[in-house]
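Residue numbers (the numbering used here): 3 to 323. Cβ coordinates follow ideal geometry from the N, Cα and C atoms, glycine included. First the structure, in the form of structure tokens, and then the observations on it.
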């Protein structure tokens, strides 16, 4: 069993004799004992719904030959990424509530930050790839099967993972550079990278610059790709003469557009809320929206708005394993 110590920033002479922390203290969303059973039940339910919903999407896509297309391949990877991203944070939170221990080891914190960053970045990258897939399907329908061939689809998924992995390792390197911490209390239910960096006794100006650069690269360029794809998609849909044709074309990418708005909108709202309110606790509550709520709603959006998915889900019980 490890022990989490709490200290203030040492002087220059004391810094040489100070070792790295053994862990962090996660304060969670609330320290009120009466709220812990409610939080446990709520997050357990949301976690199970998320895992079950996304697993159904994966099973439906993999078992139905009609869904063996690039669009649904990317959708299954998005569902897999959602399961992994929520599994890096919520189970640890549930265990902390159940055991009344709010401690996470230093290695565990690095692992959680690394995995969480990988899968959240994967979500964003896959949503960008899905926007490109929709652009090709609507704007270049006659060349769709040639352009979106299996080799290209596999390459896009691999590149998405490699870029996400690089993003996570750069963030972990920022934390590894920190040798002394102001204290070890994190006002969240998971190891929030920004809060961990703010605990550093040393100057984090360079790390802040790197964060902005990574945010611009991993945020601006994928978002620009999504905007450009939908600009072309909307332009093509408006040129369709019949209303039925416009509706059919829009229904092809309607679910994806709803998920993109939910994913980007919630994250943007969290960052705006964090900037408006300096309270780490309020930021932690706001982060629940994109960490837990968004992965939970994605399967509902795709299953309710997509006839192919609904048909595959209805046929799923009758299929033999």
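- Counting along the chain, no beta strand (DSSP E) covers residue 291, and no H or E run does either.
- A contact between stretches requires three or more CB pairs, one per stretch, nearer than 8 angstroms, and the segment 54-61 meets this requirement with the segment 69-88.
- Contact fails between the segment 124-142 and the segment 179-190, because fewer than three Cβ pairs, one in each stretch, are under 8 angstroms apart.
- Comparing alpha carbon positions, the residue from 203, 228, 225 and 197 closest to residue 213 is 197.
- Minimum Cα-Cα distance from residue 217 among the listed residues 156, 172 and 249 corresponds to 172.
- Annotation for residue 170: the continuous alpha helix (DSSP H) segment containing it runs 152-178.
- For residue 107, the secondary structure class from DSSP, reduced to helix, strand or coil, is strand.
- According to DSSP, residue pairing for residue 28 in a beta bridge involves 188.
- In this structure, the CA atom of residue 292 is about 18 angstroms from the CA atom of residue 224.
- A distance below 7 angstroms between beta-carbons, with the five flanking residues on each side excluded, links residue 72 to the following residues of its chain, in chain order: 135, 150 and 155.
- The beta carbon of residue 251 sits closer than 7 angstroms to those of 140, 239 and 242, all from its chain and outside the five residues before and after it, given in chain order.
- DSSP, reduced to helix, strand and coil, places residue 202 within a strand of the structure shown.
- The beta carbon of residue 169 is closer than 8 angstroms to those of 119, 120, 123, 216 and 220 in its chain, skipping five residues each way along the sequence.
- A check of alpha carbon separations from residue 203 across 318, 179 and 54 identifies 179 as the nearest.
- Burial of residue 45 is indicated by the presence of at least 16 other C-beta atoms within 10 angstroms of its C-beta.
- If the five residues before and after residue 257 are omitted, its C-beta is found closer than 6 angstroms to the C-beta atoms of 303, 304, 307 and 308, all from its own chain and listed in chain order.
- The residue from 125, 89, 108 and 106 with its alpha-carbon nearest to that of residue 48 is 89.
- In the assembly as shown, residue 317 is an exposed residue. Its beta-carbon has fewer than 16 other beta-carbons within 10 Å.
- DSSP lists 202 as the beta-bridge partner residues of residue 183.
- With 16 or more other CB atoms across the displayed protein chains lying within 10 angstroms of its CB, residue 299 is buried.
- When the alpha-carbon of residue 43 is set against those of 93, 68 and 228, the nearest one is in 93.
- Cβ contact annotation for residue 262 (same chain, cutoff 8 angstroms, sequence separation greater than five): 129, 133 and 228, in chain order.
- When 51, 286, 265 and 103 are compared, the shortest CA-CA separation from residue 195 is found for 286.
- The C-beta separation of residue 29 from residue 188 comes to about 7 angstroms, placing the pair in contact by the 8 angstroms criterion.
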